[in-house]
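S.K.: Have a look at this one before I ask anything.
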Amino acid sequence: MAVANPKELKSQNGNRTAERVIEVVEEARVLTGAQITCAALEAEGVTTAFGYPGGAVIPFYDAFPTANLHHILVRFEQWAAMAAAAYARVTGQVGVCIATSGPGATNLVTGLADAMLDSVPIVAITGQVIQPLIGRDAFQEVDIQGITLPVTKHNYAVQRIEDIAPTIKEAFHIARSGRPGPVLVDIPKNLFSERAAYSPVEFKGRRGYQPSLVPNMRQVRLAAEMINKAEKPLIMAGHGIMISGGEAEFHEFVEKTGMPVAFTLLGQGCFPESHPQALGLMGMHGHKHVNAALGECDLLVNIGARFDDRATGKIAGFAPKAKVVHVDIDPAEIGKNVRTDVPVVGDAREALKLMLEEVQPRQHSEWRGWIESQRNRVLEAALEDYPEWPEPYTIIKAIRKATNGEAIVTTDVGQHQMWTAQHYGFDYPNRWLTSGGLGTMGYGLPSAVGAKVGRPDLEVWTVVGDGGFQMSFNELATAAQEKLDINVAVINNGYLGMVRQWQDLFHSKNYSEVEILGPDFVKLAEAFGCTGIRVTKHEEIAPAIERARSINGPVVIDFVIEPEANVYPMVPPGASNSDMVHERFDQNEL
Numbered sequence: 004m005a006v007a008n009p010k011e012l013k014s015q016n017g018n019r020t021a022e023r024v025i026e027v028v029e030e031a032r033v034l035t036g037a038q039i040t041c042a043a044l045e046a047e048g049v050t051t052a053f054g055y056p057g058g059a060v061i062p063f064y065d066a067f068p069t070a071n072l073h074h075i076l077v078r079f080e081q082w083a084a085m086a087a088a089a090y091a092r093v094t095g096q097v098g099v100c101i102a103t104s105g106p107g108a109t110n111l112v113t114g115l116a117d118a119m120l121d122s123v124p125i126v127a128i129t130g131q132v133i134q135p136l137i138g139r140d141a142f143q144e145v146d147i148q149g150i151t152l153p154v155t156k157h158n159y160a161v162q163r164i165e166d167i168a169p170t171i172k173e174a175f176h177i178a179r180s181g182r183p184g185p186v187l188v189d190i191p192k193n194l195f196s197e198r199a200a201y202s203p204v205e206f207k208g209r210r211g212y213q214p215s216l217v218p219n220m221r222q223v224r225l226a227a228e229m230i231n232k233a234e235k236p237l238i239m240a241g242h243g244i245m246i247s248g249g250e251a252e253f254h255e256f257v258e259k260t261g262m263p264v265a266f267t268l269l270g271q272g273c274f275p276e277s278h279p280q281a282l283g284l285m286g287m288h289g290h291k292h293v294n295a296a297l298g299e300c301d302l303l304v305n306i307g308a309r310f311d312d313r314a315t316g317k318i319a320g321f322a323p324k325a326k327v328v329h330v331d332i333d334p335a336e337i338g339k340n341v342r343t344d345v346p347v348v349g350d351a352r353e354a355l356k357l358m359l360e361e362v363q364p365r366q367h368s369e370w371r372g373w374i375e376s377q378r379n380r381v382l383e384a385a386l387e388d389y390p391e392w393p394e395p396y397t398i399i400k401a402i403r404k405a406t407n408g409e410a411i412v413t414t415d416v417g418q419h420q421m422w423t424a425q426h427y428g429f430d431y432p433n434r435w436l437t438s439g440g441l442g443t444m445g446y447g448l449p450s451a452v453g454a455k456v457g458r459p460d461l462e463v464w465t466v467v468g469d470g471g472f473q474m475s476f477n478e479l480a481t482a483a484q485e486k487l488d489i490n491v492a493v494i495n496n497g498y499l500g501m502v503r504q505w506q507d508l509f510h511s512k513n514y515s516e517v518e519i520l521g522p523d524f525v526k527l528a529e530a531f532g533c534t535g536i537r538v539t540k541h542e543e544i545a546p547a548i549e550r551a552r553s554i555n556g557p558v559v560i561d562f563v564i565e566p567e568a569n570v571y572p573m574v575p576p577g578a579s580n581s582d583m584v585h586e587r588f589d590q591n592e593l
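According to the working numbering, the sequence shown holds residues 4 to 593 in order.
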């Protein structure tokens with residue numbers, strides 16, 4: 004925070020004594036609530052915030068020009084929360100977003116819910132109407148604390164200026180500790196303008212909030228005993244491995260135990276997919292051999308993942324022959340969806356450290372060989388065929404080849420998301436960003452903005468559908484204003500593709516309200532001051548990608564694909580993972 008400069012004071016008032024100058028400097032420690040808020044953020048190591056100003060936070064924004072904070076002006080508050088979450092995932096820090104009262108605050112709700120389901124640490128600061136008007140239905144007043152209660156890990160309504168700094172300190176601790184998640188701090192407008200003494204605060208703990216990090220050793224030994232005895236074990240690798248920072252320990256654990264690894268959607272990247280023990284994606288759009296392994300394994304070791312329905316399929320048919328070990332920091336997840344034989348409650352990294360000392364070296368060559376024999380060779384051969392339209396998976400593989408698999412890749416939600424998850428092959432942690440639990444369309448571009456701000460040293464691509472992109476393409480303006488080098492790959496089929504696919508397969512091709520008219524994406528990009536490229540043939544894919552990579556600034560590539568291309572393989576709704584299909588089918592076959 005800027006304070007009075009003694010030299011400046013002396014030059015303006017030459018007759019003042021040194022003692023008086025020192026007194027004025029000490030008085031400058033009395034700050035406005037806005038300055039205190041900025042100082043509290045700086046004390047947490049915050050350098051960047053994503054937000055949108057408005058009436059209730061105007062006094063807060065008064066402090067930004069003198070604070071060491073870079074503010075990213077998004078074009079919609081929901082995308083501020085998504086960008087902050089992406090920033091958090093690629094940096095390992097807590098993301099920060101800001102919104103005004105009323106609609107500004109309510110626009111954050113979807114982003115908060117997204118971060119809650121995917122366990123991402125963000126702190127949202129919202130303005131509130133002045134305290135005398137609270138409860139009187141004032142202009143732009145909503146009970147944002149009540150509204151966000153179900154979609155935040157915790158939230159606060161600050162009542163006194165003296166509480167601002169301690170509240171922000173506690174909010175950051177709660178957001179980043181245990182199972183991470185979003186925390187909201189609501190501050191009335193008048194508190195931003197009031198003045199009070201400020202000094203950095205120390206967090207002394209919160210009674211009743213003590214997440215378990217180190218698991219019970221008895222449970223660790225029981226888990227290790229089951230791992231040592233299993234003949235067909237399988238690891239279910241989740242996002243919690245990366246949240247804990249346990250990638251190195253996990254790598255050692257996998258190689259020591261010889262167990263093959265199946266990834267949840269958000270678990271991809273915790274272990275190199277190019278490794279011989281890495282099987283690939285499991286679940287609804289997972290690979291055939293991965294779901295086959297789930298059906299035959301005699302032990303399933305879930306590390307850092309929820310048993311989400313998109314991963315398990317029909318619970319009754321999920322890993323039917325397996326005992327289950329579940330390692331998770333959140334005890335509420337143990338046994339919630341899938342029966343657990345050995346629960347290990349604690350941080351994934353801490354659990355892996357302890358299990359490494361207890362497990363025996365194994366190879367499981369025969370088991371891994373059987374899994375390899377289950378690969379769908381026909382499907383893999385089909386990936387080499389190039390039809391009239393650019394094939395979606397060919398586009399994804401071309402991006403992978405051009406970037407050497409080292410880029411950060413974000414997506415929207417839909418068919419393109421599954422093609423990317425299936426075919427990019429993630430070898431690095433925290434470079435695959437997608438909306439998992441909430442499945443939020445529009446996530447792709449704002450998450451790419453947050454990722455590029457957080458890791459400017461890495462190449463960033465976002466793969467989006469023409470439907471989801473139309474929800475958030477206004478963030479091209481943010482990317483252009485911030486001069487961010489982001490590449491946008493639009494998989495354009497003229498439909499809300501995943502909905503159309505379900506209508507195709509399960510509703511007799513009744514394409515109700517899914518045909519979507521889009522703009523000329525090349526002209527749209529140019530209107531925002533970005534570069535636009537269109538691709539309509541296979542041979543144009545690689546040159547377009549290389550051209551985009553050579554341009555310093557936002558680039559949009561419009562990949563026009565077969566309108567009715569479907570994502571396969573697929574587990575039909577209500578079916579077991581073992582019932583996945585690889586082509587169009589008759590519902591009567593199920």
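All residues carry an ideal CB built from backbone N, CA and C; glycine is no exception.
If you run the structure through DSSP and keep just helix, strand and coil, what is Val223?
M.R.: Here Val223 sits in helix by DSSP.
S.K.: Run the CB neighbour count on Thr103, radius 10 Å, all protein chains shown included, and call it buried at 16 or more, exposed below.
M.R.: Thr103 is buried by the Cβ-count criterion.
S.K.: In terms of residue numbering, what span does the alpha helix (DSSP H) encompassing Phe175 cover?
M.R.: That run of the alpha helix (DSSP H) goes Ile167 to Arg179.
S.K.: Taking DSSP's pairing of strands, which residues face Ile306 in a bridge?
M.R.: Paired residues: Ala240 and Val330.
S.K.: Could you tell me the distance, in whole angstroms, from the CA atom of Glu529 to the CA atom of Gly535?
M.R.: Between Glu529 and Gly535, the C-alpha separation is close to 6 Å.
S.K.: By a C-beta neighbour count over all protein chains shown, 10 Å radius and 16 as the cutoff for buried, is Thr2 buried or exposed?
M.R.: In this structure the chain extends from 4 to 593, so residue 2 is not present and cannot be described.
S.K.: By alpha-carbon positions, which one of Leu44, Glu543, Arg552 and Gln484 ends up nearest to Val204?
M.R.: Selected option, being the one with the closest Cα: Leu44.
S.K.: Quick check: the Cα distance between Gly500 and Val466, rounded to an integer number of angstroms?
M.R.: Cα to Cα, Gly500 sits roughly 14 Å from Val466.
S.K.: DSSP puts Arg129 in a beta bridge; with which residues?
M.R.: According to the sequence shown, residue 129 is Thr rather than Arg. Paired residues: Ala102 and Asp189.
S.K.: Given a cut-off of 8 Å on the beta-carbon distance, is the pair Asp507 and Asn569 in contact?
M.R.: Yes; because the gap between Cβ atoms is below 8 Å, this pair is in contact.
S.K.: Could you spell out where the alpha helix (DSSP H) holding Gly470 opens and where it closes?
M.R.: From DSSP, the alpha helix (DSSP H) with Gly470 extends over Asp469 to Ser475.
S.K.: What separation, rounded to the nearest whole angstrom, lies between the Cα atoms of Ile167 and Tyr201?
M.R.: Going from the Cα of Ile167 to the Cα of Tyr201 covers about 10 Å.
S.K.: Within the continuous beta strand (DSSP E) that includes Pro346, where are the two ends?
M.R.: Segment Val345 to Val348, the beta strand (DSSP E) holding Pro346.
S.K.: With DSSP collapsed to three states, give me the class of Met573.
M.R.: Correct three-state label for Met573: strand.
S.K.: How is the beta strand (DSSP E) around Thr51 delimited, first residue to last?
M.R.: Segment Thr51 to Gly54, the beta strand (DSSP E) holding Thr51.
S.K.: Check whether the Cβ atoms of Ala84 and Ala127 lie closer than 8 Å to each other.
M.R.: Contact: yes.
S.K.: Should Gln504 and Gln418 be called a contact, given that it needs their Cβ atoms to be closer than 8 Å?
M.R.: Closer than 8 Å, so yes.
S.K.: Determine whether the beta carbon atoms of Phe195 and Ala37 lie at a separation below 8 Å.
M.R.: Taking 8 Å as the Cβ cut-off, Phe195 and Ala37 qualify as a contacting pair.
S.K.: Identify every run of the beta strand (DSSP E) within the segment 443-469, keeping only runs that are complete inside it and at least 3 residues long; order them along the chain.
M.R.: List check, beta strand (DSSP E) in window: 463-468.
S.K.: Would DSSP call Asp582 helix, strand or coil?
M.R.: Helix at Asp582.
S.K.: Who are the Cβ neighbours of Phe476 in its own chain at under 7 Å, not counting the five residues just before and after it?
M.R.: Once the five neighbours on either side are set aside, the close Cβ partners of Phe476 are Leu448 and Leu527.
S.K.: To which residues of the same chain is Gly298 closer than 6 Å at the C-beta, ignoring the five residues directly before and after it?
M.R.: Only Ser581 meet the Cβ criterion.
S.K.: So is Thr267 buried or exposed if we call it buried at 16+ other beta carbons inside 10 Å?
M.R.: Under this definition Thr267 is a buried residue.
S.K.: Quick one: using the 10 Å Cβ neighbour count with 16 as the cut-off for buried, is Tyr212 buried or exposed?
M.R.: With fewer than 16 Cβ atoms within 10 Å of its Cβ, Tyr212 is classed as exposed.
S.K.: Among Thr50, Lys356 and Pro185, which one has its Cα closest to the Cα of Ile244?
M.R.: The shortest Cα separation from Ile244 among Thr50, Lys356 and Pro185 belongs to Lys356.
S.K.: Just to confirm my understanding: we take Asp430, look at its own chain, exclude 5 residues before and 5 after, and list those with CB closer than 7 Å. What are they?
M.R.: If we look at Asp430 and ignore the five residues flanking it on each side, its Cβ neighbours are Pro275, Glu276, Ser277 and Gly408.
S.K.: Measure the CB-CB distance between Ala86 and Gly320 and report whether it falls below 8 Å.
M.R.: Not closer than 8 Å, so no.
S.K.: Could you spell out where the beta strand (DSSP E) holding Tyr159 opens and where it closes?
M.R.: It spans His157 to Ala160 - the beta strand (DSSP E) in which Tyr159 sits, taken as one unbroken run.
S.K.: Out of Ile489, Val584 and Ala325, which has the shortest C-alpha to C-alpha gap to Ile230?
M.R.: Selected option, being the one with the closest Cα: Ala325.
S.K.: Using C-beta distances below 7 Å, list every residue in its chain close to Gly471, excluding the 5 sequence neighbours before and after it, in chain order.
M.R.: For Gly471, where only same-chain residues beyond five positions count, the Cβ hits under 7 Å are Asp415, Val416, Gly417, Met444, Gly445 and Gly447.
S.K.: Tell whether a beta-carbon distance below 8 Å holds between Val345 and Gln484.
M.R.: No, they are not a contact pair.
S.K.: Is Asp415 helix, strand or coil when you go by DSSP?
M.R.: Note: Asp415 maps to coil in three-state DSSP.
S.K.: Mind pulling the alpha helix (DSSP H) runs of 4 or more residues that sit fully within the segment 262-318?
M.R.: Counting only runs of 4 or more, we get 291-299 and 312-315.
S.K.: Roughly how many angstroms separate the alpha carbons of Gly289 and Ile402, rounded to a whole number?
M.R.: Going from the Cα of Gly289 to the Cα of Ile402 covers about 20 Å.
S.K.: Can you name the start and end residues of the alpha helix (DSSP H) that Ile147 belongs to?
M.R.: Ile147 -> alpha helix (DSSP H) spans Ile147 to Thr151.
S.K.: To test your reading of the DSSP string, which unbroken beta strand (DSSP E) runs of 3 or more residues are found completely within the segment 498-572?
M.R.: Listed in chain order, the complete beta strand (DSSP E) runs (minimum 3 residues) inside the segment 498-572 are 534-538 and 558-563.
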